[in-house]
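Enquirer: For the record, in the sequence shown the residue sitting at position 128 is 128 according to the numbering used here, with numbers rising by one throughout.
Just so it is clear, CB atoms sit at the ideal spot from N, CA and C, and this is done for glycine as well.
This one's a predicted model, so the numbers in the text were calculated from it and none came from an experiment.
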Amino acid sequence: MSSSNSPAEPGGPTAAQDVDRELLSALARDGRASFTDLAERVGLSVSAVHQRVRRLEQRGLITGYAAQLDAKGLGLPLTAFVSITPIEAAQPDDAPTRLAHLSAIEACHSVAGVESYILKVRVASPDALEALLHEIRSAANVTTRTTVVLSTFYEDRPPV
Numbered sequence: 001m002s003s004s005n006s007p008a009e010p011g012g013p014t015a016a017q018d019v020d021r022e023l024l025s026a027l028a029r030d031g032r033a034s035f036t037d038l039a040e041r042v043g044l045s046v047s048a049v050h051q052r053v054r055r056l057e058q059r060g061l062i063t064g065y066a067a068q069l070d071a072k073g074l075g076l077p078l079t080a081f082v083s084i085t086p087i088e089a090a091q092p093d094d095a096p097t098r099l100a101h102l103s104a105i106e107a108c109h110s111v112a113g114v115e116s117y118i119l120k121v122r123v124a125s126p127d128a129l130e131a132l133l134h135e136i137r138s139a140a141n142v143t144t145r146t147t148v149v150l151s152t153f154y155e156d157r158p159p160v
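1. Here's the rule: buried if 16 or more other CB atoms are within 10 angstroms of the residue's CB, otherwise exposed. What is residue 95?
2. Tell whether a beta-carbon distance below 9 Å holds between residue 119 and residue 99.
3. Is the separation between the beta-carbon of residue 23 and that of residue 49 shorter than 9 Å?
4. Can you tell me where the alpha helix (DSSP H) holding residue 87 begins and where it ends?
5. Pick helix, strand or coil for residue 122, following the three-state DSSP scheme.
6. May I have the straight-line CA-CA distance separating residue 158 from residue 19, to the nearest angstrom?
7. Please state if the CB of residue 80 and the CB of residue 149 are separated by a distance shorter than 9 Å.
8. So residue 42 and residue 35 are in contact, right, with Cβ under 8 Å, and what is the actual spacing, rounded?
9. Per DSSP, which one or two residues make a beta bridge with residue 78?
10. If you drop the 5 nearest sequence neighbours on each side, which residues of the same chain put their C-beta closer than 8 Å to that of residue 31?
11. I need the DSSP call for residue 50, collapsed to helix, strand or coil.
12. In chain order, what residues of the same chain lie with their CB nearer than 7 Å to the CB of residue 87, ignoring the 5 residues before and after it?
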């Protein structure tokens with residue numbers, strides 16, 4: 001497959017791009033799908049699918065495979081988004097580094113707007129959230145604004 005058949009490149013979709021997108025979509029939904037299952041889905045041989053998947057990995061379009069865990073089942077039923085803002089505008093912009101050791105922070109997004117970052121956190125209880133907020137404020141020298149999630153209808157949807 002030539003690089004001009006990349007789903008990441010502009011231009012009209014080609015048959016190769018469609019197959020790559022279909023493979024990416026299938027793997028995003030089930031990273032444990034066998035090459036046989038993928039081959040049946042896209043109408044190619046198992047060896048052709050294996051080569052395409054390997055190329056998608058080499059080009060960085062597939063960055064890894066992971067198990068999706070049930071946070072509630074793991075005892076972490078409370079999800080919240082924590083917006084953080086530096087207390088002093090002149091302080092170094094190193095909050096992600098200062099907070100990296102806190103395993104309750106599932107994601108850290110740099111954002112435009114009043115806040116500098118939005119953190120997605122998962123904890124066991126409101127008391128645990130309160131303790132985490134104290135740790136965040138202390139470790140990064142920031143103020144916080146927190147939104148607690150009541151329910152989630154979908155999450156981690158693949159982009160293809």
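Expert: Per the coordinate set shown:
1. buried
2. yes
3. yes
4. Counting along the chain, residue 87 falls outside any alpha helix (DSSP H), and DSSP gives it neither H nor E.
5. strand
6. 16 Å
7. yes
8. Between residue 35 and residue 42 the Cβ distance is about 11 Å, and since that is not below 8 Å, they are no contact.
9. 123
10. 65, 66
11. helix
12. 141, 142, 143
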